[in-house]
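Residue numbers (the working numbering), protein chains in the order written: chain H, 1 to 221; chain C, 222 to 328. Taking it in order: structure first as structure tokens, then the write-up.
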Amino acid sequence: MQQLTFTEEIVLLALDDKTGAQLPLPVTALGYGLAGAVLADLAMAGKIDTDAQQLTVLDPSPTGDPLLDPWLALITAETNPRSVAYWLSVLADRRQEIEQPALDRLIARGILKRQDKKILWVIGLRRYPTIDGHERTEVRTRLGQLILGEDLPDPRDATLLSLLRGCRLTDNIFDGPEFSARDQRLATLAKMDLVGREVAVATTEAIAALSAAMIASVPHM
Amino acid sequence: MEIIESVVNGTPVLTLRGRLDGIAAPAVEEKVEALLPTTPRMVFDCSGLEYASSAGLRVFLATAKKLKTAGGRCGFAALTPSLREIFDISGFLDVLEVHENLESATA
Numbered sequence: 001m002q003q004l005t006f007t008e009e010i011v012l013l014a015l016d017d018k019t020g021a022q023l024p025l026p027v028t029a030l031g032y033g034l035a036g037a038v039l040a041d042l043a044m045a046g047k048i049d050t051d052a053q054q055l056t057v058l059d060p061s062p063t064g065d066p067l068l069d070p071w072l073a074l075i076t077a078e079t080n081p082r083s084v085a086y087w088l089s090v091l092a093d094r095r096q097e098i099e100q101p102a103l104d105r106l107i108a109r110g111i112l113k114r115q116d117k118k119i120l121w122v123i124g125l126r127r128y129p130t131i132d133g134h135e136r137t138e139v140r141t142r143l144g145q146l147i148l149g150e151d152l153p154d155p156r157d158a159t160l161l162s163l164l165r166g167c168r169l170t171d172n173i174f175d176g177p178e179f180s181a182r183d184q185r186l187a188t189l190a191k192m193d194l195v196g197r198e199v200a201v202a203t204t205e206a207i208a209a210l211s212a213a214m215i216a217s218v219p220h221m
Numbered sequence: 222m223e224i225i226e227s228v229v230n231g232t233p234v235l236t237l238r239g240r241l242d243g244i245a246a247p248a249v250e251e252k253v254e255a256l257l258p259t260t261p262r263m264v265f266d267c268s269g270l271e272y273a274s275s276a277g278l279r280v281f282l283a284t285a286k287k288l289k290t291a292g293g294r295c296g297f298a299a300l301t302p303s304l305r306e307i308f309d310i311s312g313f314l315d316v317l318e319v320h321e322n323l324e325s326a327t328a
């Protein structure tokens, strides 16, 4: 089977194995995670490059992947130099347009199925249970071994771990005392990709802003 | 960017000068891929490397990973202050073999 893109992997790993419901994540975290995944896919395809200051388009020609090409066209159309943080913000605001095509492709690949339910006969609930858990198991095992061991990651695994930690998915995927004891190792691995680091910053800032807004909305006693 | 290939104390050395960005990275990758089947050990002389983008860092990490997987080693010698800062932010100082100078890297 053709390797999953980062976007597909983040979508897949953000779902509960059994129920197909989205794992509990801070508001906006998955949006930034998916935005980062799109940028990481474009970087791996040699279409963009990044540094601490800005994102640069290396090759504006389409990748041929409909999950990525609309976003490459959007980035290419921008005439001013923009930072990774800027593009994360733009893409996170369009999370549904990233997530739904990725879910559709995972269904087409035979990895997920769509399941519509009604709660109290009225409220619609759509979930994506797993049909073939091979991909998810394989990536969890590989990344888990990387966290628990001392091996160097290859760039792809470093990026995926960085994205997963940036949007707080590692807390759900790698739980248990053996992983808690390796928090420093995970932090080191997660630093290795710039886009993943920026996803972490954006997620943390969004959570802080939301907390501040909630505190401000509480009437003073 | 300039890429100079040499052998120091029996170790293949790639001396990089200038900026290792997404434009330059494929040329470095090509040199590395040509060297990999011939040696278990490689050193990047970074004394003239002022900058590495994400694409450049990926070439470094991929090279180190491939050599380590094959039972070899990859050294990074004489980092400029700006490159050391990039390595520090990226956690590369913690996981890669970084040397103060080319002599110790090829010893």
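Quick reminder that beta carbons are idealized off the backbone N, C-alpha and C, glycines included.
For residue i, the first and last residue of its enclosing alpha helix (DSSP H)
i: ILE215 of chain H; result: 194 to 217
i: PHE6 of chain H; result: 6 to 13
i: VAL280 of chain C; result: 275 to 290
i: VAL27 of chain H; result: Premise fails: VAL27 of chain H is in no alpha helix (DSSP H) and is neither H nor E.
i: SER180 of chain H; result: 177 to 180
i: ALA255 of chain C; result: 246 to 256
i: PHE190 of chain C; result: Past the boundaries of the shown model lies residue 190 of chain C; chain C is included only from 222 to 328, so the question cannot be answered.
Under the three-state DSSP convention, the category residue i falls into
i: GLY166 of chain H; result: helix
i: ASP96 of chain H; result: The residue you asked about is not Asp; residue 96 of chain H is Gln in the sequence shown. Of the three classes helix, strand and coil, the one that applies to GLN96 of chain H here is helix, per DSSP.
i: THR50 of chain H; result: strand
i: ARG262 of chain C; result: strand
i: ARG240 of chain C; result: strand
i: VAL139 of chain H; result: helix
i: LEU300 of chain C; result: coil
i: GLU78 of chain H; result: coil
i: SER268 of chain C; result: strand
i: GLY124 of chain H; result: strand
i: GLU150 of chain H; result: coil
i: ARG185 of chain H; result: helix
i: ASP104 of chain H; result: helix
i: GLN2 of chain H; result: coil
i: PRO233 of chain C; result: strand
i: ASP171 of chain H; result: helix
i: LEU67 of chain H; result: coil
i: THR159 of chain H; result: helix
i: ASP309 of chain C; result: helix
i: ASP132 of chain H; result: coil
i: ASP41 of chain H; result: helix
Residue i, buried or exposed, once every other Cβ within 10 Å from all chains shown has been counted against 16
i: VAL218 of chain H; result: exposed
i: ALA213 of chain H; result: exposed
i: ARG197 of chain H; result: buried
i: ASP151 of chain H; result: exposed
i: LYS18 of chain H; result: exposed
i: ASP93 of chain H; result: exposed
i: PRO153 of chain H; result: buried
i: ARG126 of chain H; result: exposed
i: ASP193 of chain H; result: buried
i: SER274 of chain C; result: buried
i: ASP49 of chain H; result: buried
i: GLU321 of chain C; result: exposed
i: ALA200 of chain H; result: buried
i: GLU135 of chain H; result: buried
i: PRO24 of chain H; result: exposed
i: VAL27 of chain H; result: exposed
i: ALA14 of chain H; result: buried
i: LEU210 of chain H; result: exposed
i: PRO258 of chain C; result: exposed
Delimiting residues of the beta strand (DSSP E) encompassing residue i
i: LEU55 of chain H; result: 55 to 57
i: GLU324 of chain C; result: No beta strand (DSSP E) contains GLU324 of chain C, which is instead part of the alpha helix (DSSP H) from 323 to 327.
i: GLU226 of chain C; result: 223 to 229
Integer Cβ distance of residue i from residue j, believed to fall under 8 Å
i: GLU99 of chain H; j: VAL11 of chain H; result: 6 Å
i: GLY383 of chain C; j: ARG262 of chain C; result: In the structure as shown, chain C begins at 222 and stops at 328. Residue 383 of chain C is therefore absent and cannot be evaluated.
i: LEU58 of chain H; j: VAL84 of chain H; result: Not confirmed; about 14 Å, so no contact.
i: PHE297 of chain C; j: PHE265 of chain C; result: 5 Å
i: THR301 of chain C; j: LEU270 of chain C; result: 6 Å
i: VAL139 of chain H; j: GLU8 of chain H; result: Actually they are not in contact, since the Cβ atoms of VAL139 of chain H and GLU8 of chain H sit about 11 Å apart, beyond 8 Å.
i: VAL69 of chain H; j: PRO62 of chain H; result: Correcting the residue type first, residue 69 of chain H is Asp in the shown sequence and not Val. Contact flag correct, Cβ pair sits at about 5 Å.
i: LEU161 of chain H; j: ALA190 of chain H; result: 6 Å
i: THR188 of chain H; j: VAL316 of chain C; result: 7 Å
i: LEU67 of chain H; j: THR5 of chain H; result: 6 Å
i: ALA299 of chain C; j: LEU323 of chain C; result: 6 Å
Cβ-heavy atom distance, residue i to the ligand FAD, below 7 Å
i: GLY149 of chain H; result: This structure simply doesn't include the ligand FAD, nor any ligand for that matter.
- Could you tell me whether the stretch 140 to 154 of chain H touches the stretch 33 to 52 of chain H, using the rule of 3 or more Cβ pairs below 8 Å? no
- Message: With a threshold of 8 Å, are at least 3 pairs of Cβ atoms found where one atom belongs to the stretch 202 to 209 of chain H and the other to the stretch 243 to 257 of chain C?
- Response: No, the stretch 202 to 209 of chain H does not touch the stretch 243 to 257 of chain C.
- Indicate whether the contact test is met: 3 or more Cβ pairs, each with one atom in the stretch 95 to 114 of chain H and one in the stretch 29 to 40 of chain H, closer than 8 Å. Enough Cβ pairs lie closer than 8 Å, so yes.
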